[in-house]
Amino acid sequence: MSITPSATLESPLTSTWGPTNPYHDGPLVMSGYASRLWPHDSQPQFWSKYQVWEWLQQVIDIHQIDASSLPFQNFDMDGHQLCSLNYHDFIRAAGSVGHILYNSITELKSGGQYHLDIGQLELKHETDLCPFPDVSYPPGEIYDPSVQSLAPNISPTPSSPEIKRSFSRGHQVKKHNPRGTHLWEFIRDILLNPERNPGLIKWEDRTEGVFRFLKSEAVAQLWGKKKNNSSMTYEKLSRAMRYYYKREILERVDGRRLVYKFGRNARGWRDAEK
DNA sequence: TCCTATTTTCCTGCTT
DNA sequence: CAAGCAGGAAAATAGG
């Protein structure tokens, strides 16, 4: 790849993102991150992979869909590819949620805006508002065709075993999910999107679910950005992580700093869990 | 408005 | 000494 997560020596944070972001805490003040919107100024056909990913987040947020039940990997594609999927492709890729996704994209393709009011759509630079601030991906390299995305085989073959795995027992629409995504899910999603994970967190043992924060403060900033909280720190984020031990969403890994392990109650992190 | 789950904040003390 | 880690307590949030 062209982007090496090595530009680190200088300033851990600023070098990672926002080298040119005067927008940091300013324009974020709206009704919360739910007001983030997908780039309606451009057609979904022209979305980058990142924007597609962002759209997925929006949809599950709006519909209160359990993030862990949506196989993001199946949508590792750009807008052009996304738009070429038909209804069945969506169902195949996302089970029952595919229906919702299909409706959303269909709506957007026809110029609609889904049921999101974009009244406050002022900010153009929303790349700055999301989970993965553009991390300085040059415009042309937002996605890399060489990344073995599942995009190609999403419709052709019924092969993908993992596509249907999480849906066998239904699309559960969570009742109480404050912000669409919980911290652990946010962390998991970063782990699951290596192309957009500029060396923030890394798997230590993929099959065991052990991972380590490489840039703890950077991740905290990202999390804070998602929660529209510019004062988030790793100190505070880690406290929230520690609460997960009791709930067995995370298991304690002692001795090693910045290392955590997914527990029995954390789902959706496994690569190919049958 | 009250209730609940999930953080977010702060803090003291201990460990690497 | 500078980060992390452990948890307790209590406030803040946001959906129900």
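Residue numbers (our numbering): 1 to 274.
C-beta atoms are modelled at their ideal positions from N, C-alpha and C, and glycine is treated no differently.
Since we're looking at a predicted model, the values are computed, not measured.
| query | Within 10 angstroms of its Cβ, does A218 collect 16 or more other Cβ (buried), or is it exposed? | reply | buried
**Request:** In the DSSP assignment, find the beta strand (DSSP E) that holds R247 and state where it starts and stops.
**Result:** No beta strand (DSSP E) contains R247, which DSSP labels as neither H nor E.
inquiry  = As a quick exercise: from N193, I249, K226, R206, pick the residue whose alpha carbon is nearest that of F184.
reply    = The residue asked about is misnamed: residue 184 is Trp in this sequence, not Phe. Answer by Cα proximity: I249.
request  = Buried or exposed for A220, please, with buried defined as at least 16 other CB atoms from any protein chain shown within 10 angstroms of its CB.
outcome  = buried
For S230, count neighbouring C-beta atoms within 10 Å of its own C-beta (all shown protein chains included) and say buried if the count is 16 or more, exposed if not. exposed
What would DSSP say about C130, mapped onto helix, strand or coil? Residue confidence for C130 is low, a pLDDT of 38 falling below 50, so the modelled location carries little weight and cannot support an answer.
Quick one: which unbroken alpha helix (DSSP H) runs of 4-plus residues sit fully inside the segment 196-248? Chain order, please.
216-226, 234-246
Strand pairing of K261, partner residues [DSSP]:
V210, E251
Note to self: Using a 10 Å radius around the Cβ and a threshold of 16 neighbouring Cβ atoms, would you call S110 buried or exposed?
What the structure shows: exposed
Original post:
Comparing alpha-carbon positions, which option in Y245, A266, I100, A240 lies nearest Q57?
Top reply: I100
* **Distance, L70 Cα to S168 Cα** => Reliability fails at S168, whose pLDDT of 37 lies under 50, so the model's placement of it is uncertain and the value that follows must be treated cautiously. Their backbone Cα atoms lie some 12 Å apart in a straight line.
Inset, instruction - Can you give me the Cβ contacts of W38 inside the same chain, cut-off strictly under 7 Å, excluding the 5 residues immediately before and after it? - result: Below a pLDDT of 50, predicted positions are generally treated as unreliable, and W38, at 41, falls in that range; the measurement from the model is reported next regardless. Excluding residues within five positions, the ones whose Cβ falls inside 7 Å are Q51, E54, W55, Q58.
task = Would you mind working out which of N228, D189, D254, W223 sits nearest A240, comparing C-alpha positions?
result = W223
If we count the other Cβ atoms within 10 Å of its Cβ and call it buried at 16 or more, is N86 buried or exposed? exposed
Please state whether DSSP places P27 in a helix, a strand or coil. In this predicted model, P27 has a pLDDT of only 33, less than 50, meaning its place in the structure is not dependable; the value taken from the coordinates is given anyway. Here P27 sits in coil by DSSP.
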